[in-house]
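So the protein lines, in turn, are chains A and B. Under the numbering used here, the first sequence has 98 at position 98, and the numbering climbs by one with no breaks. Under the numbering used here, the second sequence has 258 at position 258, and the numbering climbs by one with no breaks.
There are 2 protein chains.
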Amino acid sequence: MATIYDVAKLAKVSPMTVSRVINQKGAISESTKLKVEKAIEELNYIPNISARSLISKSTKIISLLITDISNPFFTKVARGAEDKAMQLGYQVIFSNSDEDVEKESRYIQMLLESRVDGVLMAPSGDHSKKNVQKLIQNRIPFVILDREIEGLPSDIVLGNSHEGTRKLMDHLIIQGHKKIALINGPSYISTARERKQAYMESLQFAGIQIDESLLFETDYKQQTENNITDKLLELPSHQKPTAIFAANNFIAANMMKKLTERGIDVPNDVAFVCFDDFDSFSNLHSFLTVAAQPAYDLGYMGVQMLVDKIEGNSNLDNRRIVLPPEIKIRQSSTRYKNE
Amino acid sequence: MATIYDVAKLAKVSPMTVSRVINQKGAISESTKLKVEKAIEELNYIPNISARSLISKSTKIISLLITDISNPFFTKVARGAEDKAMQLGYQVIFSNSDEDVEKESRYIQMLLESRVDGVLMAPSGDHSKKNVQKLIQNRIPFVILDREIEGLPSDIVLGNSHEGTRKLMDHLIIQGHKKIALINGPSYISTARERKQAYMESLQFAGIQIDESLLFETDYKQQTENNITDKLLELPSHQKPTAIFAANNFIAANMMKKLTERGIDVPNDVAFVCFDDFDSFSNLHSFLTVAAQPAYDLGYMGVQMLVDKIEGNSNLDNRRIVLPPEIKIRQSSTRYKNE
DNA sequence: CTGTTAGCGCCTTCAC
DNA sequence: GTGAAGGCGCTAACAG
Numbered sequence: 001m002a003t004i005y006d007v008a009k010l011a012k013v014s015p016m017t018v019s020r021v022i023n024q025k026g027a028i029s030e031s032t033k034l035k036v037e038k039a040i041e042e043l044n045y046i047p048n049i050s051a052r053s054l055i056s057k058s059t060k061i062i063s064l065l066i067t068d069i070s071n072p073f074f075t076k077v078a079r080g081a082e083d084k085a086m087q088l089g090y091q092v093i094f095s096n097s098d099e100d101v102e103k104e105s106r107y108i109q110m111l112l113e114s115r116v117d118g119v120l121m122a123p124s125g126d127h128s129k130k131n132v133q134k135l136i137q138n139r140i141p142f143v144i145l146d147r148e149i150e151g152l153p154s155d156i157v158l159g160n161s162h163e164g165t166r167k168l169m170d171h172l173i174i175q176g177h178k179k180i181a182l183i184n185g186p187s188y189i190s191t192a193r194e195r196k197q198a199y200m201e202s203l204q205f206a207g208i209q210i211d212e213s214l215l216f217e218t219d220y221k222q223q224t225e226n227n228i229t230d231k232l233l234e235l236p237s238h239q240k241p242t243a244i245f246a247a248n249n250f251i252a253a254n255m256m257k258k259l260t261e262r263g264i265d266v267p268n269d270v271a272f273v274c275f276d277d278f279d280s281f282s283n284l285h286s287f288l289t290v291a292a293q294p295a296y297d298l299g300y301m302g303v304q305m306l307v308d309k310i311e312g313n314s315n316l317d318n319r320r321i322v323l324p325p326e327i328k329i330r331q332s333s334t335r336y337k338n339e
Numbered sequence: 001m002a003t004i005y006d007v008a009k010l011a012k013v014s015p016m017t018v019s020r021v022i023n024q025k026g027a028i029s030e031s032t033k034l035k036v037e038k039a040i041e042e043l044n045y046i047p048n049i050s051a052r053s054l055i056s057k058s059t060k061i062i063s064l065l066i067t068d069i070s071n072p073f074f075t076k077v078a079r080g081a082e083d084k085a086m087q088l089g090y091q092v093i094f095s096n097s098d099e100d101v102e103k104e105s106r107y108i109q110m111l112l113e114s115r116v117d118g119v120l121m122a123p124s125g126d127h128s129k130k131n132v133q134k135l136i137q138n139r140i141p142f143v144i145l146d147r148e149i150e151g152l153p154s155d156i157v158l159g160n161s162h163e164g165t166r167k168l169m170d171h172l173i174i175q176g177h178k179k180i181a182l183i184n185g186p187s188y189i190s191t192a193r194e195r196k197q198a199y200m201e202s203l204q205f206a207g208i209q210i211d212e213s214l215l216f217e218t219d220y221k222q223q224t225e226n227n228i229t230d231k232l233l234e235l236p237s238h239q240k241p242t243a244i245f246a247a248n249n250f251i252a253a254n255m256m257k258k259l260t261e262r263g264i265d266v267p268n269d270v271a272f273v274c275f276d277d278f279d280s281f282s283n284l285h286s287f288l289t290v291a292a293q294p295a296y297d298l299g300y301m302g303v304q305m306l307v308d309k310i311e312g313n314s315n316l317d318n319r320r321i322v323l324p325p326e327i328k329i330r331q332s333s334t335r336y337k338n339e
């Protein structure tokens, strides 16, 4: 592969001049510029980013570290991130932590070795703190995505869990639901904590007694099977929920499947709402009442914020972008209205 | 950030010795090895891949160039690719061409500048040839994914469009369908060509006359709206299809939506089958009869093949892995059987 | 406006 | 077993 030396030789100028043409720096006469461009063309010269990085300390690569690209939420985040990155001249390396801190840790190591310019990261949970601290220690700019890490303030872009939960809950409560089960994510993930808190708040505000037996905790992963549905069904009828609140889309999908298997009809036997929307061509998409997070925008704005930081356009610390969810009222929760 | 010089100084050895310890090359006494490792630890030394790349000509980064990560098919491909890459010590840069050659071309340029070790690429179509030739010209190892480029033999990993189509068609024909509409992708994409050919073949084999008015061409993109459904509905009743074959999941989803809007019932008014499966929590997933491509495996094996090539483990050219689709017979095409 | 020198961090080659 | 010199491809800093 041709280097600037080859180009310089062919164009009969110094390598430095070639460099200047490539980077459009300094003043160059039109004639030499043309000569150089011709030589570049002829040799099919392509600059070597590695060499440039050695000097500039910049790779023009950012890392998108998420838990699972298969989660439609993160798929959209990824798409938004890539679009914005491309627009700003960055490339995106992506990694899936699978909600596993150790895996996350290995990726962080690789990222550091690659000298990525920055990291946009959805932490696997509060225990990701040590991984993030490694970024801080190495002065890698980063923006946290979707989930806060307890006791670690930082630049962050996330959806408003509190608002989304309150609105979904109010929607249920207004319809007369009092026994609402919460199937939540793990308490070491901030979104789960916030959703639980808002859930409690909604009930208290409405003067509804909280029933601990309606609170469940599982995880946000797609694969996770749980028997919460069975447990709900086993409750004595005066305790059985009339509505279910699932804390994310995977939980919702799994529970909906189980409910169908058990012959429970939504919304006639039980109302159902959840956080996160589904693929536009999923039937759950047009059926479930959800608090849809602006996933694409989270990725898009996350990269925006990150690049601002990388390029020093912003000297603010701990910026916080909280995007409101969009509540989409659909069939799964509208039994009362329909009848 | 610490360099090998810093480590060398602290460990009181030469930089070369440090390098040897890091790369486990040559013979080093246990004692100096320990000294060096301690210094590395203490300084939190992290090797600089850019510097290494300059010499080794290897970045340990591969590129995954697909059309759209939002397409569940490619989401799974991406997941498979990343898993395998991680396992082999590579990182993955991903890009979305949106089926646009020019965008693809810009990405190729960026990839070349980054000196990625190889490219796994789903071409936007036959016109991607010029982009792929740029890879060849620059001797970047690559593996083509999902779609062949006319007149450009290469290493390739793809699903068996012919087999999938034949099986879906036979399934329809056996049930007595004779008027089967084909809603195909663009003819400049190999999978569309193959699916059409197999469609024709199936009909001919069954002695069914081909009706050109049942053949449609649109594109594979999610956003594309088409009025094919309307056209089908406007056909005189003796020509109206009793079954619809959609050539990919996006086409299927769009058409299903339109059919629902028009009050057409699947499968009672018309049977429906398509290529590509849906998200496991999509309701179309448990409803539509599909030829599911092993998307995860395509990505996984694609990376496998690519890394083989990069690392020179294989001197074979134009290797071809064709993975069979899995036919999933579901409600959308089983009217006859159910009644 | 253009060229020279030096060095980014690492590794190959050759000494010792 | 260890070290010194040189260079990968590029650009910052200085000269002219």
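A virtual CB, placed ideally from N, CA and C, is assigned to each residue, including glycine.
Any idea which residues DSSP pairs residue i with across the strands?
{"i": "A292/B", "result": "E326/B"}
{"i": "K311/B", "result": "The question names Lys, yet the displayed sequence has Glu at residue 311/B. E311/B pairs with nothing; no bridge assigned."}
{"i": "I144/A", "result": "M121/A, I156/A"}
{"i": "A271/B", "result": "A243/B"}
{"i": "V92/B", "result": "I62/B"}
{"i": "N184/A", "result": "E217/A"}
{"i": "R320/B", "result": "I156/B"}
Which whole-angstrom value describes the C-beta separation of residue i and residue j, a residue pair presumed to lie in contact below a C-beta threshold of 8 angstroms?
{"i": "R147/B", "j": "T191/B", "result": "5 angstroms"}
{"i": "F142/A", "j": "M121/A", "result": "6 angstroms"}
{"i": "F245/A", "j": "V273/A", "result": "6 angstroms"}
{"i": "N96/B", "j": "R79/A", "result": "7 angstroms"}
{"i": "V13/B", "j": "T32/B", "result": "6 angstroms"}
{"i": "A206/B", "j": "I173/B", "result": "5 angstroms"}
{"i": "P72/A", "j": "D279/B", "result": "7 angstroms"}
Taking Cβ to Cβ, would you say residue i is nearer than 9 angstroms to residue j?
{"i": "V290/B", "j": "N226/B", "result": "no"}
{"i": "L135/B", "j": "I108/B", "result": "yes"}
{"i": "Q293/B", "j": "D317/B", "result": "no"}
{"i": "K129/B", "j": "K179/B", "result": "no"}
{"i": "L152/B", "j": "V119/B", "result": "no"}
{"i": "N160/A", "j": "P325/A", "result": "yes"}
{"i": "R195/B", "j": "L182/B", "result": "yes"}
{"i": "V77/B", "j": "I321/B", "result": "no"}
{"i": "K38/B", "j": "A11/B", "result": "yes"}
{"i": "P123/B", "j": "E113/A", "result": "no"}
{"i": "S50/B", "j": "I22/A", "result": "no"}
{"i": "D126/A", "j": "I144/A", "result": "no"}
{"i": "T75/B", "j": "I69/A", "result": "yes"}
{"i": "A243/B", "j": "N184/B", "result": "no"}
{"i": "I55/A", "j": "D117/A", "result": "no"}
{"i": "G302/B", "j": "A81/B", "result": "yes"}
{"i": "T59/A", "j": "Q175/A", "result": "no"}
Inter-stretch contact at 8 angstroms, needing at least 3 Cβ pairs: the segment 303-310 of chain B / the segment 70-90 of chain B: Segment contact: the segment 303-310 of chain B against the segment 70-90 of chain B, three or more CB-CB distances shorter than 8 angstroms; contact assigned.
Where the segment 77-94 of chain B meets chain A: residues whose CB sits under 9 angstroms from a CB there: From the segment 77-94 of chain B, only A78, R79, E82, D83, M86, G89, Q91, V92, I93, F94 have a Cβ closer than 9 angstroms to chain A.
Members of the segment 22-52 of chain A near chain B, C-beta cut-off 8 angstroms: Answer set for the segment 22-52 of chain A: N44, I46, P47, N48, I49, S50, A51.
Given 8 angstroms, three or more beta-carbon pairs between the segment 33-48 of chain B and the segment 257-270 of chain B: These segments do not touch.
Positions along the segment 94-106 of chain B whose CB lies within less than 9 angstroms of some CB in chain A: Listed by position, the residues of the segment 94-106 of chain B near chain A (Cβ gap below 9 angstroms) are F94, S95, N96, K103, R106.
Three CB pairs or more closer than 8 angstroms across the segment 220-227 of chain B and the segment 271-286 of chain B: They do not touch, by the three-pair rule.
Chain A contacts from the segment 309-338 of chain B (Cβ-Cβ distance under 8 angstroms): The residues in question: there are none.
Cβ contact (3+ pairs, closer than 8 angstroms) linking the segment 162-180 of chain A and the segment 294-305 of chain A: Pairwise C-beta distances place the segment 162-180 of chain A out of contact with the segment 294-305 of chain A, as fewer than three of them are shorter than 8 angstroms.
Chain A contacts from the segment 128-160 of chain B (Cβ-Cβ distance under 9 angstroms): If the cut-off is 9 angstroms between Cβ atoms, the segment 128-160 of chain B has K134, Q137, N138, R139 near chain A.
The segment 13-24 of chain B in contact with the segment 188-205 of chain A per 3-pair CB rule at 8 angstroms: These segments do not touch.
Sufficient close CB pairs (3 or more, under 8 angstroms) joining the segment 230-243 of chain A to the segment 206-217 of chain A: Enough Cβ pairs lie closer than 8 angstroms, so yes.
Selection of the segment 203-225 of chain B by Cβ proximity to chain A, strictly under 9 angstroms: Flagged, chain order: Q222.
Residues of the segment 110-122 of chain A whose Cβ lies closer than 7 angstroms to any Cβ of chain B, in chain order: Flagged, chain order: M110, L112, E113, S114, R115.
Interface positions of the segment 66-77 of chain A facing chain B (Cβ-Cβ less than 8 angstroms), listed along the chain: Only those residues of the segment 66-77 of chain A whose C-beta falls short of 8 angstroms from the nearest C-beta of chain B are listed: D68, I69, S70, P72, T75, K76.
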